[in-house]
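Under the working numbering, read the sequence shown as residues 1 to 275, first letter to last. Virtual Cβ for every residue (Gly too), placed ideally from N, Cα, C. As structure tokens, the structure follows; a few thoughts come after it.
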Amino acid sequence: MSPSDSTPSSTRSSTRSAATDLAGLRTVEIRGKQRYHEPAVPTDAQAFADVVRSRRSVRVFTDTPIPPEVLDECLDLAMLAPNSSGLQPWEFYVVRSEPIRSRLVQVCMGQLAAKTAAELIVCVARTDRIKEHAAQTLREWPTPETPGPARQYYRAIPFLYGPGPFGLAAPLKRALFALAGLVRPVPRGPYTASELRLWAAKSTALACENLVLALRAHGFDSCMMEGFDEVRLRRLLDLDDAALPIMVVGAGERAPDGVFWPQLRFDRSQFVHEV
Ligand SMILES: Cc1cc2nc3c(=O)[nH]c(=O)nc-3n(C[C@H](O)[C@H](O)[C@H](O)COP(=O)(O)O)c2cc1C
């Protein structure tokens with residue numbers, strides 16, 4: 001399949017003619033302008049379905065370790081998850097220290113999936129990296145020129161998001177946007193601390209899913225766990241209030257009895273609505 005096969009038909013004729021290289025980036029001429037061009041690479045839907053369908057929550061792992069380079073690759077793939085405004089509000093604690101590991105197993109209430117895992121990864125959402133990551137986005141912008149709208153957006157985000165000092169800005173922002181919302185669609189948050197936690201949790205949960213699918217693609221398995229004592233986990237990893245533990249992921253090689261029962265999903269008609 002050629003790049004043009006995966007390009008929307010409106011741009012097809014020009015992409016076929018003009019893929020070039022400008023300042024190290026692949027570009028294509030569209031309506032007289034050089035535009036960044038990233039072709040949709042061919043993929044293997046069956047291989048993806050095999051990864052998704054064979055992922056199970058595994059509660060017993062063998063003693064086989066996960067090669068460090070495999071775990072690194074899985075973590076890299078985790079961090080390629082889509083994330084709100086590209087702000088990457090997550091952290092991953094790969095537990096290496098034996099004393100911390102054994103306390104983490106206790107924090108996970110002694111669950112078998114934690115006890116037998118070759119690796120334990122604590123996935124944490126952060127609500128306090130908005131300003132820092134917005135500035136970093138502008139510093140590390142991936143094209144030679146930062147487009148004007150992107151500059152404006154990332155300069156505005158730290159003021160738009162979050163409750164402000166002592167939470168005072170949240171009601172003000174909500175009222176202002178509600179007013180503007182009377183005449184047009186507007187963003188309705190995240191303004192409060194709890195909205196920020198939900199905001200960061202969404203992106204981090206997506207990274208968790210990438211992580212477990214990547215492990216499966218490498219032949220390993222996992223169990224996501226929210227069955228942990230959050231207070232003790234915070235103490236163990238010295239997490240401040242801006243950190244929200246989302247999941248402890250236990251990972252390793254599936255033991256023959258690692259999956260306890262066949263997968264159960266309800267009928268799709270209960271969940272999929274055509275409107
Ligand atoms: C948010 C979340 C929290 C979970 N917490 C635990 C947990 O603490 N312990 C556990 O054994 N499984 C946990 N699981 C795994 C679920 O029980 C499992 O995904 C579900 O039963 C469906 O089984 P499957 O993953 O094999 O399809 C969790 C899954 C999710 C998504």
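Which word fits M109, buried or exposed, when buried means at least 16 other C-beta atoms lie within 10 angstroms of its C-beta? Within the sequence shown, numbered from 1, the residue matching residue 109 stands at position 109. With fewer than 16 other CB atoms across the displayed protein chains lying within 10 angstroms of its CB, M109 is exposed.
So is the beta-carbon of R56 under 7 Å away from any non-hydrogen atom of ligand 1? Here residue 56 refers to the residue found at position 56 of the sequence shown. Yes, the Cβ of R56 comes within 7 Å of a heavy atom of ligand 1.
Apart from the five residues on each side of it in sequence, which residues of its chain come closer than 6 Å, Cβ to Cβ, to F228? For the purposes of this step, residue 228 is taken as the residue at position 228 of the sequence shown. Cβ within range, chain order: V107, C108 and V248.
CA-CA distance, I121 and S222? As a first step, residue 121 is located in the sequence shown; it is residue number 121 there, counting from the start. As a first step, residue 222 is located in the sequence shown; it is residue number 222 there, counting from the start. Approximately 10 Å, taken between the alpha carbons.
Mark K33 as exposed unless 16 or more other C-beta atoms lie within 10 angstroms of its C-beta, in which case mark it buried. In the sequence shown, the residue the question calls residue 33 occupies position 33. Label assigned to K33: exposed.
Relative to the C-alpha of F61, which residue among P165, A251, N83 and E73 is closest? Within the sequence shown, the letter at position 61 stands for residue 61. Measuring from the Cα of F61, the nearest candidate turns out to be A251.
Reducing DSSP to helix, strand and coil, say where I121 ends up. As a working note, residue 121 is residue 121 in the sequence shown. I121 falls in the strand class under three-state DSSP.
T64 and E253 closer than 8 Å at C-beta: Translated into positions along the sequence shown, residue 64 becomes position 64. Translated into positions along the sequence shown, residue 253 becomes position 253. Their beta carbons are under 8 Å apart, which means T64 touches E253 by this criterion.
Cutting at 7 Å between CB atoms, please list the residues of its own chain near L237, excluding the five before and the five after it. For the purposes of this step, residue 237 is taken as residue 237 along the sequence shown, with counting starting at 1. Counting only Cβ-Cβ distances below 7 Å, and skipping sequence neighbours, we find Y93 and V122.
Using DSSP's beta-bridge definition, name the partner residues of W90. Counting from 1 along the sequence shown, the entry for residue 90 is found at position 90. A125.
To the nearest angstrom, how far is it from the Cα of S97 to the Cα of W261? On the sequence shown, residue 97 is found 97 positions in, with the first residue counted as 1. On the sequence shown, residue 261 is found 261 positions in, with the first residue counted as 1. Distance between the alpha carbons of S97 and W261: 33 Å.
Tell me the DSSP bridge mates of Q34? The residue you call residue 34 lines up with position 34 of the sequence shown. DSSP, once it has assigned bridges, lists E29 as partnering Q34.
For Y191, count neighbouring Cβ atoms within 10 angstroms of its own Cβ and tell me buried if that reaches 16, exposed if not. Here residue 191 refers to the residue found at position 191 when the sequence shown is read from its first residue. Buried, by the Cβ-count rule.
Does the structure place the segment 69-88 close enough to the segment 211-219 that three or more beta carbon pairs sit under 8 Å? yes
Can you confirm whether A78, when its beta carbon is compared against all beta carbons of chain D, has any partner nearer than 8 Å? Included in the structure is just one protein chain, with no chain D present.
Assuming P245 contacts V105 under a Cβ cut-off of 8 Å, what Cβ separation, rounded to an integer in Å, is found between them? The sequence position of residue 245 within the sequence shown is 245, counting from 1. The sequence position of residue 105 within the sequence shown is 105, counting from 1. P245 to V105, Cβ: 15 Å. No contact.
Kindly indicate which three-state DSSP category S14 falls into: helix, strand or coil? In the sequence shown, the residue the question calls residue 14 occupies position 14. The predicted model places S14 with a pLDDT of 39, which falls under 50 and marks its position as unreliable; any figure quoted below should be read in that light. If DSSP states are grouped into helix, strand and coil, S14 belongs with the helices.
Among R35, R53 and R31, nearest to L264 - alpha-carbon criterion: Looking up residue 264 in the sequence shown gives position 264. Considering only alpha carbons, the answer is R53.
Span of the alpha helix (DSSP H) holding G148? Residue mapping note: residue 148 aligns to position 148 of the sequence shown, counting from 1. Element bounds for G148: G148 to L160.
Beta-carbon spacing of R129, P89 below 8 Å: Within the sequence shown, residue 129 is the residue found at index 129, counting from 1. Within the sequence shown, residue 89 is the residue found at index 89, counting from 1. Against a cut-off of 8 Å, the Cβ pair of P89 and R129 comes out as a contact.
Looking at the secondary structure, which residues open and close the beta strand (DSSP E) in which A243 lies? Your numbering for residue 243 matches position 243 in the sequence shown. That run of the beta strand (DSSP E) goes A243 to G252.
With distances taken from CA atoms, which of Q270, D240 and V272 is nearest T127? Looking up residue 127 in the sequence shown gives position 127. The option with the nearest alpha carbon to T127 is D240.
Ends of the alpha helix (DSSP H) at C208? Within the sequence shown, the letter at position 208 stands for residue 208. Its alpha helix (DSSP H) spans residues A193 to A217.
Chain-order list of residues whose beta-carbon lies under 8 Å from that of S269 (same chain, five-residue window excluded): Numbered from its first residue, the sequence shown carries residue 269 at position 269. Hits under 8 Å: none found.
Spatial neighbours of D257 in its chain, beta-carbon cut-off 8 Å, leaving aside the 5 residues before and after: What you label residue 257 is simply residue 257 of the sequence shown in a count that begins at 1. These residues qualify, in order along the chain: V60.
Please look up how many angstroms separate the CB atoms of I66 and A118, rounded, as I've assumed it's under 8 Å. For the purposes of this step, residue 66 is identified with residue 66 of the sequence shown, where counting begins at 1. For the purposes of this step, residue 118 is identified with residue 118 of the sequence shown, where counting begins at 1. That belief holds up - the Cβ atoms of I66 and A118 are roughly 5 Å apart, short of 8 Å.
In whole angstroms, what separates the C-alpha of L176 from that of T137? Counted from its first residue, the sequence shown places residue 176 at position 176. Counted from its first residue, the sequence shown places residue 137 at position 137. Distance between the alpha carbons of L176 and T137: 27 Å.
Taking the DSSP output, what are the residues bridged to D221? Numbered from its first residue, the sequence shown carries residue 221 at position 221. G252.
Do S102 and W199 have their beta-carbon atoms positioned less than 8 Å apart in this structure? As a working mapping, residue 199 is identified with position 199 in the sequence shown. As a working mapping, residue 102 is identified with position 102 in the sequence shown. No, they are not a contact pair.
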